[in-house]
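Numbering (UniProt numbering), first residue to last: 1 to 287.
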């Protein structure tokens, strides 16, 4: 049957976990074949679980092919099989970094350092995440720690030089942006003064002191705007390394029904007084 021949060599990923019985994706090859005589289908399933090294190699191949999300899945499955393998966390950190998932990349880099503190690549991964999020001073510290563990690595040295240059440029930008805003404010203030004298019949700003005060005020506004812009930029950098919001949180818990407190309040009313107390209150009411 030609239709069944097209289904040959179909790859199905199956595996079961002993903990909760869930079905996950693993490597099981399902081979479908048919006989032309009676149309019977022969199914052969191989449930051999992949090794950690095989999953790692698949993840590395996906990284080379720029399939970063797929590589992260392979590394994650390998980590489930071998949670103490620090190189898997390092590789997954790189995959998350390429996906711009900076928080996850940083967490994997920290886990790499925790499992193998004497391995330079763990600090290098951490520094790469910090550099990508413009945390240059922290990245420089991480690169320096990696260089202490591996002093002959030219890649780490180049990264330190690159980070130092970027950090100096960032500090200059803090000063230059503020004074640039002040300069633009001075130009706008002078333009307002000239427009007041040229475009109006009776200029409002006639005294030189008022002209100077207006120009200075506009310059200060420009200075403050650019300072605020730089502050906003740095806040954005900090948010890149923050944990993502838990949209579910504790909202998944069922809310208490409204009937229960009503029933309890009724019980409180009925059992508030004894019969003797009720008779006394009744007699007092008559008197």
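Note that CB positions come from ideal geometry on N, CA and C, so glycine has one too.
Open item on the list: So for residue 205, helix, strand or coil by DSSP?
Closed with: Counted from its first residue, the chain shown places residue 205 at position 205. DSSP places residue 205 in coil when its eight states are reduced to three.
TODO: Tell me whether residue 122 sits in a helix, a strand or coil according to DSSP, three-state version.
DONE: On the chain shown, residue 122 is found 122 positions in, with the first residue counted as 1. Three-state result, residue 122: helix.
- [ ] Kindly give me the distance between the Cβ atoms of residue 139 and residue 130, rounded to whole angstroms, as I take these residues to be in contact under 8 Å.
- [x] Residue 139 sits at position 139 when you count from the first residue of the chain shown. Residue 130 sits at position 130 when you count from the first residue of the chain shown. So it is a contact: roughly 4 Å between Cβ atoms.
- [ ] Determine, using beta carbons only, whether residue 190 and residue 163 come nearer to each other than 8 Å.
- [x] The residue labelled residue 190 in the question sits at position 190 within the chain shown. The residue labelled residue 163 in the question sits at position 163 within the chain shown. No, these two residues do not count as a Cβ contact at 8 Å.
- [ ] Determine the closest residue to residue 156 out of 126, 177, 183, with distance taken between C-alpha atoms.
- [x] Numbered from its first residue, the chain shown carries residue 156 at position 156. Of 126, 177, 183, the residue nearest in Cα terms is 126.
TODO: Keeping to the same chain, check which residues put their C-beta closer than 7 Å to that of residue 54; ignore five residues upstream and five downstream.
DONE: One-based indexing of the chain shown puts residue 54 at position 54. Closer than 7 Å at Cβ, skipping near neighbours: no residue.
Task: Burial state of residue 58 (16 or more Cβ within 10 Å) - done: Taking the chain shown and counting its residues from 1, one reaches residue 58 at position 58. It is buried - the Cβ of residue 58 has at least 16 other Cβ atoms within 10 Å.
- [ ] Quick one: residues in its chain with C-beta nearer than 6 Å to the C-beta of residue 72, no 5 flanking neighbours on either side, listed in chain order?
- [x] Looking up residue 72 in the chain shown gives position 72. Once the five neighbours on either side are set aside, the close Cβ partners of residue 72 are 92, 95.
Task: Distance CB(residue 89)-CB(residue 112) smaller than 8 Å - done: Indexing the chain shown from 1 puts residue 89 at position 89. Indexing the chain shown from 1 puts residue 112 at position 112. Cβ atoms of residue 89 and residue 112: closer than 8 Å.
TODO: Mark residue 231 as exposed unless 16 or more other C-beta atoms lie within 10 angstroms of its C-beta, in which case mark it buried.
DONE: Within the chain shown, the letter at position 231 stands for residue 231. It counts as exposed.
Open item on the list: Tell me which residues share the same chain as residue 242 and place their Cβ nearer than 7 Å to its Cβ, disregarding the 5 neighbours each side in the sequence.
Closed with: Your numbering for residue 242 matches position 242 in the chain shown. Closer than 7 Å at Cβ, skipping near neighbours: 103.
Task: Euclidean distance between Cα positions of residue 294 and residue 124 - done: No answer is possible for residue 294: it lies beyond the span of the chain, which begins at 1 and ends at 287.
Task: Sufficient close CB pairs (3 or more, under 8 Å) joining the stretch 160 to 180 to the stretch 202 to 216 - done: no
Open item on the list: Taking its Cβ as the centre, do 16 or more other Cβ atoms sit within 10 Å of residue 181, making it buried, or is it exposed?
Closed with: In the chain shown, residue 181 corresponds to position 181, counting from 1. Flag for residue 181 reads buried.
Open item on the list: Quick check on residue 215: does DSSP put it in helix, strand or coil?
Closed with: Taking the chain shown and counting its residues from 1, the one referred to as residue 215 is at position 215. Of the three classes helix, strand and coil, the one that applies to residue 215 here is helix, per DSSP.
- [ ] Determine the DSSP secondary structure at residue 150, reduced to helix, strand or coil.
- [x] If you number the chain shown from 1, residue 150 lands on position 150. Reduced to three states, the DSSP call for residue 150 is coil.
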